[in-house]
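Just so you know, the numbering used here puts 20 at position 20 of the sequence shown, and the rest follows in order with no gaps. See below for the structure under consideration.
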Amino acid sequence: MAAANETLEVEVAGVRFVSDDGAFAVVDALSVAGEGPDAAAGTHEVLVGPIGHLEPGDRVRATGEHQQHPKHGVRFRVRALESLDPDDEALLRTLQRIPGVGPASAESLLERFGDDLLARLDADPRDVLRRVRGLQGEKLTEAVEHWRSEAGPRAVRLLLERHGVDAATVGRVIRALGEEPDVAALQAAPYRLTERSGIGFPTADAIALALGEPSDGEPRRQAATLHALRLAEEDGHCHLPRPELVRRTVRLLGRDGVPQAVAATVERLVERGAVVERDERIATLELDEDEALLATLVAGLATDAPSLDVELPDDAPADLDPAPSDEQWAAVRSAVAHRLSILTGGPGTGKTQTMRALVASLRAAKRRTVLCAPTGKAARRLAETTGAEATTIHRLLGYVPGEGFAHDEDAPIADGVMLVVDEASMLSLDLAVALLRAVGPGSHVLLVGDVDQLAPVGPGRVLQDLLDSGEVPAVRLTRIFRQAERSLIVRAAHAINRGELPPTGTAGLPEDTIRDFFLIDRPHAETAVEEVRTLVTTRLPGHYDVPAVGGVQVLAPQRRGTAGVEALNRMLRDELNPGDGPAIGGPLHGLREGDRVMQTRNDHDAEVMNGELGMLVRVDGDAGEATVAMDDGRTIRLPTQRMDTWDLAYACTVHKAQGSSVPVVVVVVLAEHRHMLTRNLLYTAVTRAEKACVVVGDRGAIAGALRRVDGATRFTALPDRIREALAG
């Protein structure tokens with residue numbers, strides 16, 4: 001439609017919709033001036049965007065552009081917003097929103113106080129409002145409280161808008177400040193915003209500098225230092241060495257980042273207890289406490305005598321079908337002989353068969369096994385392969401949104417059981433702490449996982465750290481079974497793990513080898529994307545008899561780029577779901593029925609975890625409800641505004657695919673992904689496939705990935721702390 005960066009001056013006439021968090025709203029307005037071609041006075045406008053704070057009567061200058069929505073017509077998407085002084089008519093409507101103030105009373109107050117009315121109301125609302133006829137006692141108190149409750153947001157909004165802060169940021173700040181935003185406190189300490197949910201250092205820094213905070217001041221250095229630690233946690237670190245923390249903070253501060261000054265700031269933060277330092281390692285209070293607690297829990301389990309009172313023979317019983325191998329039976333015996341143990345191994349080595357043997361053996365001994373996994377689909381797969389009931393870790397621990405886990409050391413999960421945790425390589429530090437805290441004094445724990453996969457999304461690398469400590473009994477399965485060895489996927493995974501190019505043909509292999517792994521050489525991004533298009537839309541669904549949406553999953557190392565997740569999603573969505581059916585507006589930019597979707601954050605209310613996949617099967621605009629068919633078999637219904645944490649998932653990153661499996665996987669590996677490519681990432685991607693895996697890309701980029709075992713070191717101290725806990 002019209003060019004971008006139009007400006008409208010409008011008066012809000014009504015509010016159609018506001019999301020629960022206020023981050024998105026649809027309002028009706030009348031244009032009173034503007035620069036766009038549709039900006040004649042009196043023109044009806046529909047404004048959308050981060051404008052949930054607006055109310056009827058508000059006059060604003062909105063900057064943005066007109067857009068054509070396929071269902072709702074022309075709407076003005078707001079990018080920035082500036083409040084305008086209300087005229088008398090708008091002010092009268094504002095006054096009439098006060099309980100007990102009618103049209104006549106509003107006009108009387110305006111006549112009495114004139115241009116000073118707003119200032120007088122802000123200074124002493126009781127003195128002004130007591131002059132309204134009939135407004136006394138409790139009614140007067142209610143009217144005063146109403147005005148005061150709006151004063152904070154109003155003052156913060158005006159302050160920030162005067163300093164050029166955009167509308168979306170203004171809305172986030174007001175929500176972060178809570179029910180009573182204090183403009184004086186914001187002006188006095190703007191960097192305190194970083195302590196609020198949803199406000200990071202860059203946002204707080206921009207506001208603080210706009211409000212006159214010195215760029216070389218101590219508050220700015222402290223805020224940047226703490227933000228550097230939070231960013232490190234997002235990257236999986238449990239701490240940062242002091243020199244590394246100084247380096248990262250200096251980078252955040254830009255030209256005002258002086259290493260000596262930052263080092264002094266770090267020292268002051270340590271001295272006042274805002275962060276913890278151990279052996280030149282700086283950590284937040286929460287992560288330091290979690291790591292120390294996990295080390296104590298592990299040490300306790302590792303030294304406790306076995307409590308299941310089950311004796312197993314040296315050799316596997318003949319009635320177990322299929323019969324476990326010697327090393328698999330050794331893992332079963334280890335799990336029974338120790339309160340905490342580990343089972344690890346690559347694909348095809350029989351981790352699942354070992355768990356089946358353990359479940360059967362304990363069932364014969366009249367002992368209960370409790371199985372769990374980090375995600376719903378992993379739990380469902382675990383139940384199917386072992387024949388025993390399985391659940392997610394969060395459901396097992398009784399997670400209650402806003403309250404935390406119902407089970408801990410004072411209310412443990414069922415005692416006297418064998419707790420088996422599958423996909424344990426996905427355990428982050430905080431989740432491992434919650435899980436081990438809830439283990440009853442008579443229970444055992446077996447952690448099962450593949451340590452060669454990517455590290456967990458959250459902080460820590462718990463499974464690898466437990467192995468590195470040398471203090472937790474562990475069995476690593478190494479023998480690849482004949483049935484699994486027939487699969488080229490399994491052969492490719494083990495070759496990748498050794499740093500070798502995976503085999504793509506069956507030459508020299510047994511005749512019954514299953515050719516389920518393919519490498520298509522497409523070194524240029526454009527040709528690789530076209531290859532992905534034909535593979536996903538026609539060739540693979542037809543050959544393997546699976547649906548294109550849900551049966552074939554594209555994985556890429558990163559979101560950006562010509563062959564990144566975002567571009568692949570746009571292309572595949574246009575091919576596989578091009579219709580104009582009911583769509584969800586707002587933050588999702590129009591997800592529609594039939595879309596492949598993924599949850600991008602943990603939603604404990606709906607019991608859908610970060611990375612879980614499904615299909616958006618229905619959007620009911622009238623009811624404001626969306627229905628998602630999850631890959632794990634569940635069907636969930638959510639208010640449409642709760643879909644703002646969902647994203648398109650025809651393609652997703654390899655990190656997001658951890659813990660899931662799909663019939664057919666297409667992996668894109670190109671030179672443009674080189675900064676993300678590692679052996680672990682490629683191994684994780686290939687092992688997501690059940691029936692077939694096709695790698696599309698550049699052989700040189702693949703070779704580069706094989707040379708890099710880890711993309712980055714994770715700073716953790718858990719192995720040392722476990723050894724210290726055992727020694728002390």
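Glycine included, every Cβ here is placed at the ideal spot set by N, Cα and C.
Leaving out the 5 sequence neighbours to the left and right, which residues in its chain are closer than 6 Å to residue i when beta-carbon positions are compared?
i      : result
Thr506 : Thr513, Arg515
Met630 : Gly614
Met1   : With a pLDDT of only 39 at Met1, under 50, the local geometry of the prediction cannot be trusted, and the value read off the model is given with reservation. Here the set comprises His66, Gln68.
Arg193 : According to the sequence displayed, residue 193 carries Leu and not Arg. Correct list, in chain order: Ile199, Ala204.
Leu301 : Arg339, Leu340
Met418 : Leu362, Thr369, His444
Name the two residues that bound the continuous alpha helix (DSSP H) containing residue i.
i      : result
Gln222 : 218 to 234
Ala730 : One cannot answer for residue 730 here, as it falls past the ends of the chain, which runs 1 to 728.
Glu111 : 103 to 113
Asp571 : According to the sequence displayed, residue 571 carries Met and not Asp. Taken as a continuous stretch (DSSP letters only), the alpha helix (DSSP H) holding Met571 covers 565 to 576.
Glu384 : 376 to 386
Arg437 : 429 to 437
Thr391 : Unbroken run through Thr391 is the beta strand (DSSP E), 390 to 392; no alpha helix (DSSP H).
Val298 : 285 to 303
Lys351 : 351 to 364
Ala406 : First-last for Ala406: undefined, no H or E at that position.
Quick check on the burial criterion: 16 or more other C-beta atoms within 10 angstroms. Buried or exposed for residue i?
i      : result
Lys366 : exposed
Pro557 : buried
Asp778 : Limits of the chain in this structure are 1 at one end and 728 at the other, which puts residue 778 out of reach.
Asp450 : buried
Glu672 : buried
Ser149 : exposed
Pro259 : exposed
Leu477 : buried
Gln483 : exposed
Asp644 : buried
By how many angstroms is the C-alpha of residue j removed from the C-alpha of residue i?
i      : j      : result
Arg395 : Ile342 : 22 Å
Val666 : Arg479 : 27 Å
Trp646 : Glu612 : 10 Å
Leu670 : Glu566 : 15 Å
Thr635 : Val686 : 28 Å
Thr265 : Ala292 : 25 Å
Ala316 : Ser361 : 9 Å
Phe517 : Val695 : 8 Å
Val173 : Tyr191 : 12 Å
His524 : Leu540 : 21 Å
His239 : Gly345 : 29 Å
Pro125 : Thr296 : 57 Å
Leu47  : Glu6   : 13 Å
Pro181 : Arg491 : 60 Å
Gly709 : Arg79  : First, the residue type needs correcting, since residue 709 is Val and not Gly in the sequence shown. Distance between the alpha carbons of Val709 and Arg79: 43 Å.
Val475 : Asp632 : 30 Å
Glu500 : Leu682 : 12 Å
Gly152 : Leu211 : 17 Å
Glu11  : Pro103 : 19 Å
Gly550 : Asp465 : 35 Å
Gly387 : Leu287 : 37 Å
Ser334 : Thr354 : 11 Å
Leu308 : Arg723 : 26 Å
His543 : Ala689 : 15 Å
Leu616 : Pro578 : 14 Å
Trp329 : Ala357 : 8 Å
Leu229 : Met676 : 22 Å
Short of 8 Å in beta carbon distance, which residues of its chain neighbour residue i, apart from the five on each side in sequence? Order them along the chain.
i      : result
Thr713 : none
Pro241 : Glu280, Arg281, Ile282, Phe715
Ile496 : Pro502, Arg679, Leu682, Tyr683, Val686, Leu706
Considering residue i, what are the terminal residues of the beta strand (DSSP E) in which it resides?
i      : result
Phe17  : 6 to 18
Gly449 : 444 to 449
Ser341 : 340 to 345
Val552 : 552 to 556
Pro541 : Unbroken run through Pro541 is the alpha helix (DSSP H), 540 to 544; no beta strand (DSSP E).
What does a CB cutoff of less than 7 Å around residue i pick up in its chain, not counting 5 residues either side in sequence?
i      : result
Asp521 : Arg699
Val246 : Pro259, Val262, Ala263, Val266
Asp605 : Pro401
Give a yes or no on whether 7 Å exceeds the smallest Cβ distance from residue i to chain C.
i      : result
Asp545 : This model lacks chain C altogether; it includes just one protein chain.
Original post:
Counting pairs of Cβ atoms below 8 Å between the region 388 to 402 and the region 428 to 441, do you hit three or more?
Top reply: yes
Original post:
So does the region 452 to 461 actually touch the region 316 to 336, counting three or more Cβ pairs closer than 8 Å?
Top reply: no
**OP:** Spell out a yes or no on whether the region 423 to 430 and the region 370 to 378 are touching, meaning 3 or more CB-CB pairs, one atom from each, closer than 8 Å.
**Re:** Contact between the region 423 to 430 and the region 370 to 378 is present: 3 or more CB-CB pairs across the two stretches fall below 8 Å.
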